[in-house]
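Protein chains in written order, with this note's numbering: chain A, 3 to 715; chain B, 3 to 715. The beta-carbon is built from N, C-alpha and C at its ideal position, and this holds for glycine as well.
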């Protein structure tokens, strides 16, 4: 048995061995019907892999007519990729044999690893270590397999029932079941796939690796992800942000409700729950996030064929009022504008339409609309500067032929360089239009809402593409090394996972190192000392109860403000002492602080999210944050553009910006503090929670009146 | 030519003549293919109408083989229903001939009426008047037709290409195009229809009439509506609220963005834009609102076969982790709870499952799950008190047969009395399950999100059904007649559509009549008089600029608060005069008002919505309303239950309710004022805008510090 020698594999730690193998061995290939061993082998052969496929099975002479080999070692030629569907207990030994054979890529279908508990996790770690030591890339374990539709490769190493057709959409799924659903949906919607990887337990190959590989894959123009977790969110953010500049990434990130594992004690922590962290990551990276597999493919059908809109102004062209109204409604919900048409443009449309038509947007050409009218009006609208995208709706009346209309829309859209989508409603008389729309690469949706949603998400992405990237600026008077020393000092005291609160002197040292302003503050252990400090700071002052274990002082009457003279300070001291007693805590003293007058209360905070790591929050002070949850989040490190956007993302922002004639607060100073916190947590992931609450934004500058910091490993 | 005599039609102004005719004439029937005259006639015959069909066409001897008549008058027998598809100009004359013939119902397909402009509107009015005078009910004009699937009637008088199958779902569409889409969707999803009416321009028969007819129609169990407007919203609210107690109504209300026609000058008016009015109406009436035709039928498929859930606790049963997570995520977004399972319940599940399965909710039986395991676990979950509904997800693996699983789920669900839905994912190997699920009346969705959304909306409806209806209480000291006199007095001054503002004395009289408390207030025309009034009220007081055309006084420094003595009053007067001058307005005087101290600022207001009429708004004062738009709306008349819900609907409600140890405000007093405003506007639709801003909620009672009222026809 002689075969042509396989050309050498390029030296690289890349995924080529997995996605561009020249030969494949399938260990666990089987003749028994309705088994993975049979289904996957039939896919390998049936999809016509361009190199040899070697079935490995010690009990068979041949699998579906192909000469079988008892083990990988006995395969007579070089093998690039080995696909394993063998019992869990045998995976490690087989992987070792593959390494001995010189295999460069493994796809392990077999389950029974990390997903089953500690024993399986240990088995998975051993498998990963083996692969790393022996220079093999590993997809899985516990996965559905991989696909590459490249005609020169033509690999379907999955047991899914669908042969994907070739195209420009790359797909990865963390769930095998959703992987099957994705391949199914792509087939049903005629979306061409470049490659597909079911990443399973992600022992080695993760979404990050795939994003890097697809970045350089000329066949891939759009990336679809179904993810349940980010292995390394910082790396994901970096890679995704870079790739999204060139190729759109659409993601279903699942597991939004999985949070709430950490009991959070700070304001920031309690607000950072749920999905905000992932949402922040997604927005900063320019990902298009959707919430179902259906929406994933609606979006893919658009991105694979249509340009990204340069703005949000949509023109709606229809032959029926109802669906036009539904599209208009959907625009409001999704964040698209129904373009206001100028008189000139309306007149230009009117030239092609009967008097009864409406040339306002939605342009309702009424039921008598002809294919020619579709073509002419589509062209008029798309040629106009007033329109960024077109939605053409067609409800088949008895007279007009759907296919003619589809071709007319394509004609009207040709060469505009602007995105066009169609909505041909109803099942009857529409099928014949599908071919014409497909030929013109115009995606068509069954209902206007889906079409609008797709365009809206594409417009969001377009806006992200146009946004300047920004810089992570160098900050004057920000000594991150000194700040880190404070953090590590406090951390050395921490005895368990809950970590340690910074003491008041440590907080002072930290804010000084970062260059964050705070009012004159000192601790007094007696009423007399407090009065003396107040005199030295200048009245009025604030007195804050110091007592072990009390963090939300306001709740128990532990903060006295606007003390204007010594006798008020003495009275306040007494009052604090009584409040402490009433709540059964021991007053150790009080903080005396120069009172900041005027300005706007804000809060800047940091928390740690199990999915994405450190997370920065901004909000306006008091009820805005706690009750109304009017807050915004970003993932550090922040650029100057991010900081500006963060502060402007809350609904209450006008209160900082001279609302109703009030003095404007120094928004730049708030952004500056946000950047300083970003610098801190980028260098010190040990900051588990931090609240500047309130951070008072003054007409000039911003002052941190209170600061709580918890550090933990 | 002799025919059996038609039995007499019952005396009634009901829709029976349209929906239960014993004979039908089709005026405009045609042999020419691809015309409405041909398509509609073929539907009448092809669907096998149970009585005779008389084609009327002066140019044909027969239409598709049926003896034709030159005009309605020459039809030899009684005709209950006439369907008209004749040129617009001939509709009126033909309708008159129908009346002469004794026809009791008309369905006018012909377009060219109100939708085309004033001339068409006049034509429509004439048609409606004729029908009313001559005792004919009229569907349309400008509609698609009507369907009744009752085997004793079997009427398809539409030109849609679908014959609907019989069932319990009634449907009405204001848009013909959406009507076609609805019939299509019902067919595609195998949803049985009881009757369908395309109401077109609604010259006579409206959704309200249909709701009343369906209320008494034993074949109808679920109602689906596609609406663009409410003809008579008050009537709609009353009828829908009543029907929804017995049969669920699912509605797509479109035209959400169509508002903004009225330039609003009050706070309430400016906040009442967009969709809030319709949303309030929908919530109060127990309607299930969805935002697409797709979602309409997803919901219908559920309601037609499954009971309404009694609570929000969902159990998810799956053989694959990914879709389970997606369902969990969707629950969070849609407002369902993923039921927390007790240890006992988990142990009961574990008895049927392998160790690797997860008995937490979502219950992941892993890929090896057998049909028997589905049946057993479904039963355990549904029998438990901890679960209100079940979602069974199945991803076909190679081994387990979809149909077996479908049957097993049906077995496990039998007799539970709780709702069960299925999600069989992927296109392959799932078709065979469809029949089994349909036989068991378990709706199945292609993706978990749709299933969860449907259950969530059904649970909302269930909660509405359980909510007490409440009463519109009688209010002590509320003299609505006196209030109405004030309103009409002011209205008599109004010269144009923008209406008239109430003067300060009128406002006082109005609030007194309603029994709404306000602080001592009087107008001063000089600083001296202001000081004198202040002395008589007691300090501190508030001074408010009075000047023509100034309504938002705060914006231009026209309000001075906390004036503690006479000299402060004089200084404030000067300051108001300067402010007026600076803004180029003439100060006519100032209001002196006893200052209300403490309490929580709220706002209660009324505005008029073009869709639903009067609209009541509640919010917390200041930035809560204007900037954060934390407001809630209800349609009057309010019951006590509505008033309580209104006040509790804003996010900031805890601020009224003793937030963080603050004194509780008198929430009951705020509800009481809301009920008084409701009584006012129920009697006086002439109140175009009204703001109590602020209405201060005190520890005891509530005081309206400022009140602006605009009246208009």
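| Asked | Found |
| --- | --- |
| C-beta neighbour in chain A for residue 324 of chain B, strict 9 Å | yes |
| From B:310, B:252, B:299 and B:307, residue whose alpha carbon lies closest to that of residue 284 of chain B | B:252 |
| For residue 589 of chain B: DSSP bridge partner residues | B:549 |
| Nearest residue (CA-CA) to residue 85 of chain A, options A:91, A:105, A:196 and A:560 | A:105 |
| Residue-level contact to chain B via CB, residue 254 of chain A, 9 Å cutoff | yes |
| Where the beta strand (DSSP E) through residue 56 of chain A begins and ends | 55-58 |
| Residue closest to residue 563 of chain B, alpha-carbon to alpha-carbon, out of B:585, B:599 and B:535 | B:599 |
| CA-to-CA distance, residue 290 of chain A to residue 164 of chain A, given in whole angstroms | 26 Å |
| Residue 687 of chain B versus residue 499 of chain B - alpha carbon distance | 14 Å |
| Range covered by the alpha helix (DSSP H) that runs through residue 655 of chain B | No alpha helix (DSSP H) holds residue 655 of chain B; DSSP gives it neither H nor E. |
| The region 123-135 of chain B in contact with the region 156-173 of chain B per 3-pair CB rule at 8 Å | no |
| Under 8 Å (Cβ pairs) to chain A, residues found in the region 652-683 of chain B | 653, 654, 656, 657, 661, 662 and 663 |
| Contact under 9 Å by Cβ, residue 426 of chain A with residue 398 of chain A | yes |
| Chain B within 9 Å of residue 56 of chain A, Cβ atoms only | no |
| Own chain, CB closer than 7 Å to residue 263 of chain A, minus 5 neighbours either side, in chain order | The predicted position of residue 263 of chain A is uncertain, since its pLDDT is 32 and thus under 50; no value can be drawn from it. |
| Residues of its chain near residue 337 of chain B, where Cβ-Cβ distance is below 8 Å and the 5 sequence neighbours each way are ignored | 314, 458, 461 and 462 |
| For residue 581 of chain A and residue 566 of chain A, the rounded distance between their alpha carbons | 21 Å |
| Residue from B:371, B:179, B:62 and B:682 with nearest C-alpha to residue 484 of chain B | B:682 |
| Within chain A, partners of residue 296 of chain B - CB distance below 9 Å | 448, 449, 451 and 452 |
| Three-way DSSP call (helix, strand, coil) for residue 228 of chain B in this model | strand |
| Members of the region 96-124 of chain A that neighbour chain B once the beta carbon cut-off is set at 7 Å | 118 |
| Residue range of the unbroken beta strand (DSSP E) whose run includes residue 159 of chain B | 157-160 |
| Identified DSSP bridge partners for residue 71 of chain A | A:58 |
| Sufficient close CB pairs (3 or more, under 8 Å) joining the region 657-667 of chain A to the region 479-494 of chain A | no |
| Enclosing beta strand (DSSP E) for residue 102 of chain B [first to last residue] | Taken as a continuous stretch (DSSP letters only), residue 102 of chain B belongs to no beta strand (DSSP E), being part of the alpha helix (DSSP H) at 93-103. |
| Pairwise C-alpha distance: residue 69 of chain B and residue 94 of chain B | 25 Å |
| Nearest-angstrom beta carbon gap, residue 319 of chain B and residue 380 of chain B [assumed within contact, 8 Å] | 6 Å |
| Beta carbon of residue 707 of chain A nearer than 9 Å to that of residue 521 of chain A | yes |
| Chain A within 9 Å of residue 605 of chain B, Cβ atoms only | no |
| Option nearest residue 210 of chain A by Cα separation, candidates A:65, A:225 and A:196 | A:225 |
| Nearest residue (CA-CA) to residue 547 of chain A, options A:220, A:584, A:385 and A:46 | A:584 |
| Residue 698 of chain B - DSSP class collapsed to helix/strand/coil | strand |
| Helix, strand or coil at residue 525 of chain B [DSSP, three-state] | strand |
| Cα-Cα separation, residue 605 of chain B to residue 241 of chain A | 50 Å |
| Minimum C-alpha distance to residue 496 of chain A - residue among A:27, A:343, A:715 and A:180 | A:715 |
| Residue 19 of chain A versus residue 100 of chain A - alpha carbon distance | 13 Å |
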